[in-house]
Amino acid sequence: MSDVSQPVAHPPVTDWVNDFDHTDPQWTEDPFSIWEELRSASPVVHTKRFLGCYMPTTYEAVREIANDTEHFSSRRIIVRDIRPEVARNAAPPITSDPPVHKPAKQLLLPPFTPDAMKKLEPRMRAICNELIDGFIADGKVDAAARYAKYIPVQAIAHMLGIPESDSDLFINWIHMILELGIKDESKLLQAVQEMSAYFRTHIEERRSKPTDDLISYLMNARDKEGQPLEESHVLGSLRLLLIAGIDTTWSAIGSSLWHLARTPADRERLIAEPGLIPNAVEELLRAYSPVTMAREVVKETTISGCPVKAGNMVLLSFPAANRDPKMFPDADKVVIDRRENRHAAFGLGIHRCVGSNLARMEMQVALEEWLKRIPDFRLDPAGTVTWSQGTVRGPRQLPFLFGKAM
Amino acid sequence: MTERLRVHVDPDKCQGHARCKALAPELFELDEYGNAHEAGDGTVPPGLEDKAWLAKSNCPEIAIDVIEE
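Which chain is which? The protein sequence lines are U and G, in order.
Heads up: the first sequence is residues 116 to 521, going by the numbering used here.
Heads up: the second sequence is residues 1045 to 1113, going by the numbering used here.
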């Protein structure tokens, strides 16, 4: 295919305000000080990289863009080096704009309500404990690779009705799409094709033997004219559920454990007051929001007084919005009993994350079960913590030692 | 104090974050899509005033009004 690009190394950033790059190693390691610098320069900054891209730096500017579907389209939701043709039914509803967005979204909402998640909770507790059983006797673990990662994978596999044992396959596709795909189109296309083939097999199996899972649910769904969804829509939504449900929550659980490993006071308080865990989860979601989205400017407009021109992408950083001190007092501190918290970790406006109730339940259960069984843990000084690059931020290596420090 | 409170969810603004239901389950209900509306006519029973304000100040979409009557 002619639009397949080869990966290109990006020159290092020397001027963040006029030339930002969210794939720069400095951003990956510590984005917080960069966001602060950008925010103090302007509510909206621009880079010529990625064929032109804006970034709103304040909570208010992020909210304005998230709520403006007239000037900002979701047809492209990852900021990348190239702009390949927009695929029809890429991943509805996240890649949909009004008016087709609403029916596609409403279809996915009922299986993800808080009540539906309550039914899944016992299975999640069992999964967490099975994972902990696998390493607790070792006295140490890579908590990203052996705990945080497998919780969302097994949850979404359970809901979709696909084997939990295929986890490593899913994780590899996601890495190819969300990380390698920013600079290497061929990796992204390969992963999309493999995922579609995988789901086609599962769809075929269900034609003769229907099941009680999300794949059958989407196969049986009807639009308002009573027609089944096109196969490309079913496949697109299945790809979305698999991609969106995994490394996002993997990252959120990993960042939360990373914070608790470094903050004994918070750990002790949550063990003494487990009822505070849901509130702490909201604060950890605010302070370490994993997900940055994107929009494409389709019509010229003004955001927080800054002109915004069509043809550019927008890096819609909910994580940066959540660190805006104008919105959150002590924005750079983790305050686990923070009372007012309108964080935007799951997005704002019509594209609010469909899986937010699932993610919250997984985080709460993952932290509760971990703290019950491993109350004391710390970063292994002999190991290295590494963070993912690009659209979803979280620890990918998280070496811990169990027990109190000597 | 004789002041009475009433909560109201603006259905055009609510996006189903469900923070109100988590923080004040007595005052809010969710529909089949997970979108919120006030329970009954929204009257806040005595003793639950704090929860009403908490729900309002945690709604990411600013969809909740607390009306003092």
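For each residue, glycine too, the CB sits at the ideal point set by N, CA and C.
| message | When you compare the CB positions of U/E411 and U/R191, do they come within less than 9 angstroms of one another, or not? | response | yes
| request: Could you tell me whether the Cβ of G/H1061 comes closer than 9 angstroms to any Cβ of chain U? | output: yes
| query | First and last residue of the alpha helix (DSSP H) that includes U/F461? | reply | Where U/F461 is concerned, there is no enclosing alpha helix (DSSP H), given that its DSSP letter is neither H nor E.
| field | Chain-ordered neighbours of G/L1098 on chain U, where CB pairs are closer than 9 angstroms | value | R454 and E455
| request: Less than 8 angstroms between the CB atoms is what I'm expecting for U/G509 and U/P379, so what's the real figure, rounded? | output: Not really, about 22 angstroms apart at Cβ, beyond 8 angstroms.
| Thinking C-beta only, is U/M170 closer than 9 angstroms to U/L430? | yes
| request: Have a look at U/I465, U/L473, U/T506 and U/F492 and flag the residue whose alpha-carbon is nearest the alpha-carbon of U/D183. | output: U/I465
| said: Which residues in chain G have a C-beta closer than 7 angstroms to the C-beta of U/A459? List them in chain order. | reply: P1104
| Where the beta strand (DSSP E) through U/R511 begins and ends | P510 to Q512
| message | If you reduce the DSSP assignment to three classes, tell me which class U/F135 lands in. | response | coil
| query | U/L344 by DSSP, collapsed to three states: which one? | reply | coil
| request: Please check if any C-beta of chain U sits within less than 9 angstroms of the C-beta of G/L1074. | output: yes
| task | Using 8 angstroms as the cut-off, classify the Cβ of U/W288 as near or not near the heavy atoms of the ligand ATP, replying yes or no. | result | Of ligands this structure carries none, so the ligand ATP is not represented either.
| query | Given a threshold of 16 other Cβ atoms within 10 Å of its Cβ, counted over all protein chains shown, does U/A520 qualify as buried or as exposed? | reply | exposed
| Can the beta-carbon of U/A387 be found closer than 9 angstroms to that of U/M478? | no
| query | Counting contacts by CB-CB distance shorter than 9 angstroms, is G/K1065 in contact with chain U? | reply | yes
| message | Would the stretch 441–460 of chain U count as touching the stretch 201–209 of chain U if we require 3 or more Cβ pairs under 8 angstroms? | response | no
| said: If distances are taken between C-alpha atoms only, which option among G/E1076, G/N1102 and G/G1091 comes closest to U/P229? | reply: G/E1076
| said: Among the candidates U/E185, U/V194 and U/M442, whose CA atom is the shortest distance from the CA of U/E294? | reply: U/V194
| said: Output needed for G/N1079: all residues of its chain with C-beta closer than 6 angstroms, excluding positions within five of it in sequence on either side, in chain order. | reply: C1058 and G1060
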